[in-house]
Amino acid sequence: MVEMPEINQDKCNRCGLCISVCSCGAIVLVENKVTIIETEDCHWCTTCEAVCPTGALTCSFEIIVEKD
Amino acid sequence: MTIDAAFLKSISYFSVMSAAELEANKQLFTEKTVQRGEVIIMEGELSDTLYFVAAGAVKVFKTSAQGKEQILSIARPGEALNDIPVFDGKPNPVNAQALGPVTLYGLKKDKLLTIMQQYPKVALNTNKVLAERMRQLVTLVEDLSFRHVLGRVTKILLNHSSEGAGANDHLTQQEMAAMAGTAREVVARSLKTLEEQGFIRIERHRIVITNKKSLEEIVAESG
Ligand code: SF4
Ligand code: SF4
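These protein sequence lines map, in sequence, to chains A and B. To convert, count from 1 in the first sequence and add 300; that's the numbering used here. To convert, count from 1 in the second sequence and add 25; that's the numbering used here.
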């Protein structure tokens, strides 16, 4: 399973900005619903989160301390 | 190519105009489309046309002499890209680049001035629009120039981290920004600074703290 950005459908207003900026084609419209497809091509640039005006799209980071 | 008068109403500059007034003036605007990655505005150039984003998203940024990029804002539909150089007649202080396919509405400076003369309420409203922009920039300058935000972002990372992958907290840059009381652009810059110093490593879906001690020192220094 590839971790992908997440979308909260309740907050999404279907403005399509995330789809327009994603260069890897991970974000698509399926039956009028913004959907994220699993792909290794997503390099977690977080641009989709940056452009989303409603905070519906999130690219989260797990914060880990590296053991020496 | 038709200019959407209803959309013009969503541009803050023209929000004070009525639908009929916008309909009567929409032929003053021109439409232009640009592709992903295309530079719309280049720092140092002169602008005689004010551009508004009609569709898509645009990155507004500055580049340092060392080639470092600082995003100032992301312009979404309804926002102007180059009001500063259009109003003062001096070179563009920023760059603007399309993040995906973008449609722009353009309005030549002389036509903008004609609208302002005909509808003084637009001129009055412009003060408000520019003051809001100035407020946003002043806050950004403050957060970028002092180390307190770097300290706050660093503290957030430490507070939400643990050793080994698994049941850790997940945070977005947007959430970190809200927690640190700053803009997302400032968080992005802080993370990049920490990465350049070799204290963290930003991976796909993970931020790895590689030098916890140095992060703790940053927090201590920023008080
Ligand atoms: S993080 Fe980047 S590559 Fe991944 S889905 Fe968002 S915009 Fe596309
Ligand atoms: S940018 Fe946000 S609100 Fe717009 S379609 Fe994408 S997820 Fe929905």
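For every residue, glycine included, the Cβ atom is placed at its ideal position computed from N, Cα and C.
Label residue i either buried or exposed according to how many other C-beta atoms from any shown protein chain fall within 10 Å of its C-beta, with 16 as the threshold for buried.
i	result
T207 (chain B)	buried
N308 (chain A)	exposed
A213 (chain B)	buried
T358 (chain A)	buried
Q143 (chain B)	exposed
F39 (chain B)	buried
T179 (chain B)	buried
R177 (chain B)	buried
P145 (chain B)	exposed
G325 (chain A)	exposed
Q198 (chain B)	buried
V334 (chain A)	buried
E362 (chain A)	buried
Grouping DSSP H, G and I as helix and E and B as strand, with all else coil, what is residue i?
i	result
S215 (chain B)	helix
N184 (chain B)	helix
F54 (chain B)	coil
L243 (chain B)	The sequence shown places Ile at residue 243 (chain B), not Leu. Three-state DSSP puts I243 (chain B) in a helix.
K237 (chain B)	helix
E306 (chain A)	strand
T354 (chain A)	coil
I109 (chain B)	helix
L33 (chain B)	helix
Give the interface partners of residue i over in chain A, defined as CB-CB distance under 7 Å, in chain order.
i	result
S98 (chain B)	Residues of chain A passing the Cβ test: none, with the nearest at roughly 10 Å.
D194 (chain B)	I363
H230 (chain B)	E303, W344, F361 and E362
R160 (chain B)	Correct list: empty, because the minimum Cβ distance to chain A is about 19 Å.
Which chain B residues are close to residue i, counting only those with a beta carbon under 8 Å from its beta carbon?
i	result
G355 (chain A)	Q199
T251 (chain A)	The question about residue 251 (chain A) has no answer here: the residues shown for chain A are numbered 301 through 368.
Which chain B residues sit within Cβ distance under 7 Å of residue i?
i	result
V365 (chain A)	S186, S187, E188, I234 and K237
C359 (chain A)	T197
V321 (chain A)	A82, L124 and G125
Would you mind telling me which residues of chain B sit closer than 9 Å to residue i, beta carbon to beta carbon, in chain order?
i	result
E331 (chain A)	Correct list: empty, because the minimum Cβ distance to chain B is about 22 Å.
A350 (chain A)	A82, K84, I96, I99, L124, Q198, Q199, R209, E210 and A213
T335 (chain A)	Within 9 Å Cβ-Cβ: nothing; T335 (chain A) doesn't reach chain B, min ~17 Å.
My parser needs the alpha helix (DSSP H) runs of 4 or more residues fully inside the region 131-208 of chain B; what are they? If we require 4 residues or more, the alpha helix (DSSP H) runs fully inside the region 131-208 of chain B come out as 134-143, 145-170, 173-184 and 198-205.
In the region 48-106 of chain B, which residue ranges form an unbroken beta strand (DSSP E) of at least 3 residues, counting only runs that do not cross its ends? Here the runs fully enclosed are 55-59, 64-66, 74-80, 83-88 and 94-100.
Quick check for students: name the residue ranges of the beta strand (DSSP E) that lie wholly in the region 312-366 of chain A, counting only runs of 3 or more. Unbroken beta strand (DSSP E) runs of no fewer than 3 residues, entirely contained in the region 312-366 of chain A, are found at 327-330, 333-336 and 360-365, following chain order.
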